[in-house]
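>
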Amino acid sequence: MSAKPWQISNIPGPKTASILKSGEAVAKILKKAKRPILIVGARIVTEKVDGEPLVKYVVELAKLGIPVVATAHSRKILLEHGVKPVATMPLINITNMLKDPEWKGFDGNGGYTHAIFFGITYYLQSQMLSALKHFAPKLITISLDKEYQPNATWSFPNLSEKDWKEALEKMISSLKGG
Amino acid sequence: MSGESLRLKATEVQTTIGVIKGLEVAIGAVIEEEEEWEPMGPTPFPKVTDLRSWDMTLLKRYKPFYAPFCDLCCLCTYGKCDLTAGKRGACGLDIGTQQGRIVLLACLIGLAAHAGHARHLWHYLVEKFGRNVPVDLGGDIAVEAPHTRLICGFRPKTIGDFDVALKYVEEQLVQLLSATHTGQEGNYLDFESKALHVGMLDHLAMEIADIIQIVALNFPKGDPDAPLVEIGFGTVDRNKPVILCIGHNVAPAVEIVDYLREHNLYDKVEVCGVCCTAHDMTRYYSGAKIIGPLSRQLRYIRTGIPDVIIVDEQCIRADIVREAQRIHAPVVATNEKKCEGLPDRTHDPIDEIVDDLVNFRVPGVFIEDPRKAAELVVKTAIKIAPLRKQYKTLPSKEELIELAKKCTNCKSCRRACPNDYPVNEAVQAAKNGDLSKLAELAEVCVGCGRCESACPRGIPIFTLMTKAAEAEIEKERYKIRAGRGPIKDTEIRNVGAPIVLGEIPGVVAYIGCPNYPGSYREVAEMAEEFLRRRYIVVASGCEAMDIARYLTEEGKGLYEVYPGDFDAGCLVNVGSCVANAHISGAAIKIASIFARRNLRGNYEEIADYILNRVGAVGVAWGAMSQKAASIATGFNRLGIPAIVGPHGSKYRRAYLGRPDREEDWYVYDARTGEKVYAGPAPEHLIYPAESKEEAMVMTAKLCIRPNDTTKGRAIKLAHYIDLHKKFFGGLPEDLHLFVRTEADIPITMKDEVLEFLKEKGWKPMKIPDPTLLPRLIRRKAK
Numbered sequence: 000m001s002a003k004p005w006q007i008s009n010i011p012g013p014k015t016a017s018i019l020k021s022g023e024a025v026a027k028i029l030k031k032a033k034r035p036i037l038i039v040g041a042r043i044v045t046e047k048v049d050g051e052p053l054v055k056y057v058v059e060l061a062k063l064g065i066p067v068v069a070t071a072h073s074r075k076i077l078l079e080h081g082v083k084p085v086a087t088m089p090l091i092n093i094t095n096m097l098k099d100p101e102w103k104g105f106d107g108n109g110g111y112t113h114a115i116f117f118g119i120t121y122y123l124q125s126q127m128l129s130a131l132k133h134f135a136p137k138l139i140t141i142s143l144d145k146e147y148q149p150n151a152t153w154s155f156p157n158l159s160e161k162d163w164k165e166a167l168e169k170m171i172s173s174l175k176g177g
Numbered sequence: 000m001s002g003e004s005l006r007l008k009a010t011e012v013q014t015t016i017g018v019i020k021g022l023e024v025a026i027g028a029v030i031e032e033e034e035e036w037e038p039m040g041p042t043p044f045p046k047v048t049d050l051r052s053w054d055m056t057l058l059k060r061y062k063p064f065y066a067p068f069c070d071l072c073c074l075c076t077y078g079k080c081d082l083t084a085g086k087r088g089a090c091g092l093d094i095g096t097q098q099g100r101i102v103l104l105a106c107l108i109g110l111a112a113h114a115g116h117a118r119h120l121w122h123y124l125v126e127k128f129g130r131n132v133p134v135d136l137g138g139d140i141a142v143e144a145p146h147t148r149l150i151c152g153f154r155p156k157t158i159g160d161f162d163v164a165l166k167y168v169e170e171q172l173v174q175l176l177s178a179t180h181t182g183q184e185g186n187y188l189d190f191e192s193k194a195l196h197v198g199m200l201d202h203l204a205m206e207i208a209d210i211i212q213i214v215a216l217n218f219p220k221g222d223p224d225a226p227l228v229e230i231g232f233g234t235v236d237r238n239k240p241v242i243l244c245i246g247h248n249v250a251p252a253v254e255i256v257d258y259l260r261e262h263n264l265y266d267k268v269e270v271c272g273v274c275c276t277a278h279d280m281t282r283y284y285s286g287a288k289i290i291g292p293l294s295r296q297l298r299y300i301r302t303g304i305p306d307v308i309i310v311d312e313q314c315i316r317a318d319i320v321r322e323a324q325r326i327h328a329p330v331v332a333t334n335e336k337k338c339e340g341l342p343d344r345t346h347d348p349i350d351e352i353v354d355d356l357v358n359f360r361v362p363g364v365f366i367e368d369p370r371k372a373a374e375l376v377v378k379t380a381i382k383i384a385p386l387r388k389q390y391k392t393l394p395s396k397e398e399l400i401e402l403a404k405k406c407t408n409c410k411s412c413r414r415a416c417p418n419d420y421p422v423n424e425a426v427q428a429a430k431n432g433d434l435s436k437l438a439e440l441a442e443v444c445v446g447c448g449r450c451e452s453a454c455p456r457g458i459p460i461f462t463l464m465t466k467a468a469e470a471e472i473e474k475e476r477y478k479i480r481a482g483r484g485p486i487k488d489t490e491i492r493n494v495g496a497p498i499v500l501g502e503i504p505g506v507v508a509y510i511g512c513p514n515y516p517g518s519y520r521e522v523a524e525m526a527e528e529f530l531r532r533r534y535i536v537v538a539s540g541c542e543a544m545d546i547a548r549y550l551t552e553e554g555k556g557l558y559e560v561y562p563g564d565f566d567a568g569c570l571v572n573v574g575s576c577v578a579n580a581h582i583s584g585a586a587i588k589i590a591s592i593f594a595r596r597n598l599r600g601n602y603e604e605i606a607d608y609i610l611n612r613v614g615a616v617g618v619a620w621g622a623m624s625q626k627a628a629s630i631a632t633g634f635n636r637l638g639i640p641a642i643v644g645p646h647g648s649k650y651r652r653a654y655l656g657r658p659d660r661e662e663d664w665y666v667y668d669a670r671t672g673e674k675v676y677a678g679p680a681p682e683h684l685i686y687p688a689e690s691k692e693e694a695m696v697m698t699a700k701l702c703i704r705p706n707d708t709t710k711g712r713a714i715k716l717a718h719y720i721d722l723h724k725k726f727f728g729g730l731p732e733d734l735h736l737f738v739r740t741e742a743d744i745p746i747t748m749k750d751e752v753l754e755f756l757k758e759k760g761w762k763p764m765k766i767p768d769p770t771l772l773p774r775l776i777r778r779k780a781k
């Protein structure tokens, strides 16, 4: 299955993201992930998916034990929703650390295996995923936004609001279902 | 090395005609012996590698971070080469090095634009006024050209003297460009060192361009009370013929103003401008009008208001002739860098050309002589204006709705929009007669026109937006202070100590292009936040214009509310893009005038001083062009960090510090030679922020410097903490890295900060006399 980048001219090169066909598919990947980390950005502050605030899904993922990094000004809304991020920093800072093979993570227990990106400005996210594609080739990157991100390892295709909501809901229910 | 090809010096020479004493001959330029105003530093006219060790010092702490925009290299016939994730191209280059190369190329393009601009202006002004126009910026400015002194090691007395400096820039440009050829440089750090060299040269070229126009054309000379001039679409009287000037090189606009004055026509014709030419027009004549920044170019043309469009160089749309034809306005190109395929009519009789333009026989002409171009556009505008009234350029509301009905909601427009604005939804709403969404888009749109280009149904979306916003656009009338140029030495004397000691919390410069991630208002909102906090706020170029387009709750513009001095709580518009050199120049002047450091050929020491002591930061929220890349890189080499908006990530490279790596943040204490942890200050040299809130918190943080006094640090931390609480919630997680002693803690926040420090296991730190240069250590540690 192939997809076109949401911003049509954002064609990076031969290596592009595999498509996440459903929320269950994301859950399957995350269940196997040894050390995942969730990175959230400015879009979680204001954006909704078919009526549901994006931050709701961050809360759910955090409850499942995935550490959250707050980028842009997303920290405040996370705190308001009871999520204490493991770190607050610019998106490029966490990207820079993720590409460092010597970095031991925020808990000092080693680098992360999966970096999940959610609620981040499309083109900025694309650039950060590009940096990781080239300079952290072992890291698995996942974009949960509704626009296809060709530089990720895994990305949803371009989704409607309704389909995006359905995918996120199924991802959460599958993860909760064990 | 000096700027000449060859220099011979002799104290005494015996010849057949007698003895000649103090002979000095320079081939390539004739120079006079300068009096010893300062001892010459180690690097006058530095060649490409002379400051490499300083660059490597910076790059060791602020490592290049690459985010490739494209995984391929397409620059030679081996290619395309796939460089993904460790693969190398046919020439041996890897993806990181390719990014360094592309960044260098971008900076070179930017430098070439400024240096070409400076050279063109120099020829124009020397031809018009002669080489001997004195570099006299008034009694309050003795350090007239800080970059020229610092980089070249001489003090220019006349505009003719700058020829040597320009030749130096041009020679370096050739060497640096050659390094990007296949088979040349192959190390990413060396590409970055070269990019930093380019950035430095860029500020020199900008300084020359602005100083020569200031002194020759009598622009404001650092005047804080430079006149408030008009800006906005609504400032133009549409009942008069309208001449629109676009670009950066003021020469043709100056000639237009002169022609109108000489022929008593100024009240009969409107002269307005877009982008930096507009800034400089108002510095020459305060009656000229600024339409707005680059982002307003296409919109203003689509209104159909301009009767004649005259272009010079830089930031002019590549489809300017096509767009002008849509509104039946002729184009007059005036600069060799932008001929636009138009016939060269420089030597034809003016009346003949006017006749051709007025009767639409040609879409435009190329006239290389600015004086002749000026006469031509005035005569054409007067004749063509009444004829153009028969053409309607914007559709009626009914026609707009009919055009919108062609929309199939395919979203191609939205997917082409750089900011992912819901263009399709606005067009869909217009189908039903609701134009409000189109009007809202027009307010925040960056004006690229890509939505329209992408539309498979050929709907003129940009025209629809312009029509929907027509009523609002016509109300646009604001005030901007005309670009004042340099910062006065007297001002530096007043603020030098409080800046270096940290008591003025920082200098924040809003510079660059209008490719914003959201509304243009964000720039003004950021500026207002720091003005209220009594930072020194400086602006230039398009961002200086967008700051003017914002009104406070009292309905006043920021330039009307805040004074134009270089002082706490003031708002300084230095002028056009090339006036950016005065912002970096102010930092250099602080080192020179306040700290009495020698400037002459002494780049490394001054950059070290600024990095460690001058709390200045540039914010290029809408950085778009190669010039912006070059300008920012020049700030970086001088030790001034820059924040770009999220689109700035497409420059592919950031210089990032790692606050978690303690070993990166040691400096020498110049008093003892001891290595002292100074905290991550400043944390980055250049980085993209995602949101304005993030940018504001980082702005406050990037103003922190190792040299801050405890009082100054407490003031800076108070702002950092306050902004963090406001936009992020709670205390900053890295606060302990910036508190050196308890005296650094803002008094009103003492309890909560002390509790936080206790949790972090904080211990007091030494406050050094900071330097990264071992040669500046006054006494070695035992």
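Chains X and V supply the protein sequences, listed in that same order. Quick note on numbering that gives the first Met the number 0: the first sequence kicks off at 0 and runs consecutively. Quick note on numbering that gives the first Met the number 0: the second sequence kicks off at 0 and runs consecutively. Don't be surprised by glycine CBs; every beta carbon is placed ideally from N, CA and C.
Is Thr70 of chain X near Ile36 of chain X, with beta carbons less than 8 Å apart?
Taking 8 Å as the Cβ cut-off, Thr70 of chain X and Ile36 of chain X do not qualify as a contacting pair.
> Residues of the stretch 47-76 of chain X with a CB closer than 7 Å to any CB of chain V: list them in chain order, please.
Answer set for the stretch 47-76 of chain X: Thr70, Ala71, His72, Arg74, Lys75.
> Does the contact criterion of 3 or more C-beta pairs under 8 Å hold for the stretch 634-650 of chain V versus the stretch 617-624 of chain V?
Touching, yes.
> Should Ala215 of chain V go down as buried or exposed, given a rule of 16 or more other Cβ atoms within 10 Å for buried?
Under this definition Ala215 of chain V is a buried residue.
> Count the other C-beta atoms from every protein chain shown that fall within 10 angstroms of the C-beta of Asn611 of chain V, then say buried if there are 16 or more, exposed otherwise.
The residue in question, Asn611 of chain V, is buried, as its Cβ has 16 or more Cβ neighbours within 10 Å.
> Measuring alpha carbon to alpha carbon, tell me which of V:Arg295, V:Pro687, V:Val364, V:Thr333 ends up nearest Thr252 of chain V.
First, the residue type needs correcting, since residue 252 of chain V is Ala and not Thr in the sequence shown. Per the Cα distances, V:Thr333.
> DSSP three-state call for Ser159 of chain X: helix, strand or coil?
Coil.
> On the criterion of 16 or more Cβ atoms from any shown chain inside 10 Å, does Lys487 of chain V qualify as buried, or is it exposed?
The residue is buried, with at least 16 neighbouring Cβ atoms inside 10 Å.
> So, are the CB atoms of Pro89 of chain X and Tyr515 of chain V less than 8 Å apart?
Contact: no.
> Identify, in the order they occur along the chain, each residue of the same chain with its Cβ nearer than 7 Å to the Cβ of Asp663 of chain V, setting aside the five sequence neighbours on each side.
Around Asp663 of chain V: Arg60, Gly656, Arg657.
> Looking at the structure shown, is Ser142 of chain X part of a helix, part of a strand, or coil, going by DSSP?
In this structure, Ser142 of chain X counts as strand in the three-state DSSP scheme.
> For chain X, find out if any of its Cβ atoms is closer than 8 Å to the Cβ of His346 of chain V; answer yes or no.
Closer than 8 Å: no.
> Round the Cβ separation of Gly303 of chain V and Leu402 of chain V to the nearest angstrom and send it over; I've been treating them as touching at under 8 Å.
The Cβ separation is near 16 Å, so there is no contact.
> Please go through the same chain and pick out, in chain order, the residues whose beta-carbon is closer than 8 Å to the beta-carbon of Val29 of chain V, but skip the five residues on each side of it.
With a pLDDT of 46 at Val29 of chain V, under the threshold of 50, the predicted position of this residue should be treated as unreliable, though the coordinate-derived value follows. No residues qualify anywhere along the chain.
> Can you pull the chain V neighbours of Trp5 of chain X, defined as C-beta to C-beta under 7 Å?
What Trp5 of chain X touches in chain V: Arg414.
> Kindly identify the DSSP beta-bridge partner or partners of Gly511 of chain V.
Looking at the DSSP assignment, Gly511 of chain V forms no beta bridge with any residue, so it has no partner.
> Residue range of the alpha helix (DSSP H) that Leu227 of chain V falls in?
Segment 227-230 is the beta strand (DSSP E) holding Leu227 of chain V; no alpha helix (DSSP H) there.
> Closer than 8 Å, CB to CB, is Ser173 of chain X near chain V or not?
False, the Cβ-Cβ gap to chain V never drops below 8 Å.
> Along chain X, in chain order, which residues have C-beta atoms closer than 8 Å to that of Ile688 of chain V?
With the sequence shown as reference, residue 688 of chain V is identified as Ala, and Ile is not the correct amino acid for it. Residues of chain X passing the Cβ test: Ala71, Pro89.
> Report the residue ranges of all alpha helix (DSSP H) runs contained in full by the stretch 40-111 of chain V; include only those spanning at least 4 residues, in chain order.
Counting only runs of 4 or more, we get 51-60.
> With hydrogens ignored, establish whether the beta-carbon of Lys98 of chain X is closer than 7 Å to any heavy atom of the ligand SAH.
Because no ligand of any kind appears in the structure shown, any question about the ligand SAH cannot be addressed here.
> Just the chain X side, please: which residues come within less than 7 Å of Ala677 of chain V by C-beta, in chain order?
Result: empty, since nearest Cβ-Cβ is about 19 Å, beyond 7 Å.
> Where does Thr147 of chain V fall in DSSP's three states?
If DSSP states are grouped into helix, strand and coil, Thr147 of chain V belongs with the helices.
> Could you tell me whether the Cβ atoms of Ile309 of chain V and Val376 of chain V are closer together than 8 Å?
It is a contact, given that the beta carbons lie within the stated cut-off.
> Can you find a CB in chain V that lies within less than 8 Å of the CB of Gln148 of chain X?
Answer no: the Cβ-Cβ gap between Gln148 of chain X and chain V never drops below 8 Å.
> Going by DSSP, what residue range makes up the beta strand (DSSP E) through Gly80 of chain X?
Looking at the sequence itself, residue 80 of chain X is His, so the reference to Gly does not match. That residue, His80 of chain X, is in no beta strand (DSSP E); it is neither H nor E in DSSP.
> Taking C-beta pairs closer than 9 Å, name the residues in chain X that Lys726 of chain V reaches, listed in chain order.
For the sequence presented, residue 726 of chain V should be read as Phe rather than Lys. Per Cβ cutoff of 9 Å: His72, Arg74, Lys75.
> Got a sec? Which residues, its chain only, sit under 7 Å from Pro459 of chain V by beta carbon, not counting five neighbours each side?
Leu402, Glu451, listed in sequence order.
> Can you name the residues of chain X whose CB is closer than 8 Å to the CB of Thr83 of chain V?
Ordered by position in chain X, the residues that pass the 8 Å Cβ test against Thr83 of chain V are Gly12, Pro13, Lys14, Lys132, His133.
> To the nearest angstrom, report how far apart Asp355 of chain V and Glu374 of chain V are at their CA atoms.
So the two alpha carbons sit approximately 15 Å from each other.
> Pick out whichever of V:Ala713, V:Leu722, V:Ile140 has its Cα sitting closest to the Cα of Glu692 of chain V.
If we check each option's Cα against that of Glu692 of chain V, V:Leu722 comes out closest.
> Taking a contact to mean a Cβ-Cβ separation below 8 Å, would you say Gly728 of chain V touches Met199 of chain V in this structure?
It is not a contact, given that the beta carbons lie outside the stated cut-off.
> Does any residue of chain V have a CB that is nearer than 8 Å to the CB of Met127 of chain X?
Closer than 8 Å to some Cβ of chain V, the Cβ of Met127 of chain X qualifies, so yes.
> Give me the Cα-Cα distance between Ile582 of chain V and Lys145 of chain X, rounded to the nearest whole angstrom.
Each residue's Cα considered, the two are about 42 Å apart.
> Phe117 of chain X lies in the beta strand (DSSP E); which residues open and close that run?
Per DSSP, Phe117 of chain X belongs to the beta strand (DSSP E) from 113-117.
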